[in-house]
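Q: Chains as they are written, first to last, in the working numbering: chain A, 1 to 125; chain B, 1001 to 1125. We treat Cβ as the ideally placed atom computed from N, Cα and C, and that holds for glycine. As the structure is a computational prediction, the values presented were derived from the model and not from experiment.
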DNA sequence: ATCATATATATGTAGTATACATATATAGTT
DNA sequence: AACTATATATGTATACTACATATATATGAT
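#1: On a Cα-Cα basis, can you pick out the residue from A/95, A/103 and A/53 that is closest to residue 1092 of chain B?
#2: Around the Cβ of residue 1029 of chain B, are there at least 16 other Cβ atoms within 10 angstroms (buried) or fewer (exposed)?
#3: Would you call the CB atoms of residue 94 of chain A and residue 1041 of chain B closer than 9 angstroms?
#4: I'd like to know if residue 1039 of chain B contacts chain A, where contact means its C-beta is closer than 9 angstroms to some C-beta of that chain.
#5: Tell me which residues of the segment 84-113 of chain A have at least one Cβ-Cβ distance to chain B shorter than 9 angstroms, keeping chain order.
#6: Can you tell me whether residue 1087 of chain B is buried or exposed, with buried defined as 16 or more other CB within 10 angstroms of its CB?
#7: Start and end of the beta strand (DSSP E) containing residue 67 of chain A?
#8: Are there 16 or more other CB atoms within 10 angstroms of the CB of residue 66 of chain A, so buried, or fewer, so exposed?
#9: Can you tell me the Cβ-Cβ gap for residue 75 of chain A and residue 26 of chain A, rounded? I've got them flagged as a contact below 8 angstroms.
#10: Residues of chain B with a CB under 8 angstroms from the CB of residue 18 of chain A: which are they?
#11: Does the beta-carbon distance from residue 1129 of chain B to residue 1062 of chain B come in below 9 angstroms?
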């Protein structure tokens, strides 16, 4: 449970769940929040975010309700569920592993680049 | 250049290039080396590795040659090229960004989990 | 009133990546 | 000759990403 949902690449779901835990939100604003924490080059596509949110709702990890209060177009507000917290725990384990792998990669890349003079050349050249 | 090849998910290419920089190798042995540095749950499929190596060769990032010396079946030995080093530099930038995003994710997840008592419950409960 | 723009939620689709299954050939062992 | 291990692949369904387009409502300008 929780972990059998975790598959490679689906980190849009992970970030969505985490930010919805911090605060329930609607798609477009969540999009700004996600892209606010992601670096350039990893920015999320709004269409894919809407799809990810619907998928999360289908599998019960979030619930949504229309919000017609206030001004502007109606917004669908998403909030995380108990199942969503389970899924999120699975994501944290998955992402922790990936970060370890990336640490290994970057450590070894730097070591090789330095021994090859590449980094020295770019830093001091 | 270098960076326009970097696309999400293709980290098999990144790890292959890095390990081939450390040492030229053939597919099956490279497979063992990659899985040796990757944690459980991120293990690489051998079929996908062979495909990744052919793709790398098509775009000029590695070169291969048959090795019929020694005992056993003939092996196709791959070695990284100058273009491969360029591609690898792009990967290191991409992976560095992803690690930052993962750092943010894990930091915030832990903070939320602690404030929610989840981690405390699992550690001391 | 009407036109343009912004907000908000979607769908269409091509290319790529991943997981899991299967195929083919050669070499070594009994 | 049969069996097993090594080595290199291909087949394929599903999923993810990027980029384009569609639809509806609300707001502001003229």
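A: Taking the structure as given:
#1: The count along the second chain starts at 1 and reaches residue 1092 of chain B at position 92. When each option's Cα is compared against that of residue 1092 of chain B, the closest is A/103.
#2: Your numbering for residue 1029 of chain B matches position 29 in the second chain. Per the 10 Å Cβ criterion, exposed.
#3: By one-based count along the first chain, residue 94 of chain A stands at place 94. By one-based count along the second chain, residue 1041 of chain B stands at place 41. Cβ distance < 9 angstroms, so residue 94 of chain A and residue 1041 of chain B count as in contact.
#4: As a first step, residue 1039 of chain B is located in the second chain; it is residue number 39 there, counting from the start. Interface flag for residue 1039 of chain B against chain A is set, since a Cβ pair is found closer than 9 angstroms.
#5: If the cut-off is 9 angstroms between Cβ atoms, the segment 84-113 of chain A has 85, 88, 89, 91, 92, 93, 94, 95, 96, 97, 98, 99, 100, 101, 102, 103, 104, 105, 106, 108, 109, 110, 112 and 113 near chain B.
#6: The residue labelled residue 1087 of chain B in the question sits at position 87 within the second chain. Under this definition residue 1087 of chain B is a buried residue.
#7: Residue numbering aside, residue 67 of chain A sits at position 67 when the first chain is read from its first letter. Residue 67 of chain A -> beta strand (DSSP E) spans 62-67.
#8: For the purposes of this step, residue 66 of chain A is identified with residue 66 of the first chain, where counting begins at 1. So residue 66 of chain A counts as exposed.
#9: For the purposes of this step, residue 75 of chain A is taken as residue 75 along the first chain, with counting starting at 1. For the purposes of this step, residue 26 of chain A is taken as residue 26 along the first chain, with counting starting at 1. Indeed, because the Cβ distance is near 4 angstroms, the residues count as touching under 8 angstroms.
#10: Numbered from 1 along the first chain, position 18 holds the residue referred to as residue 18 of chain A. At a C-beta separation below 8 angstroms, residue 18 of chain A has these neighbours in chain B: 1105, 1108, 1109 and 1112.
#11: Lying before the first or after the last residue shown, residue 1129 of chain B is absent from chain B, which here runs from 1001 to 1125.
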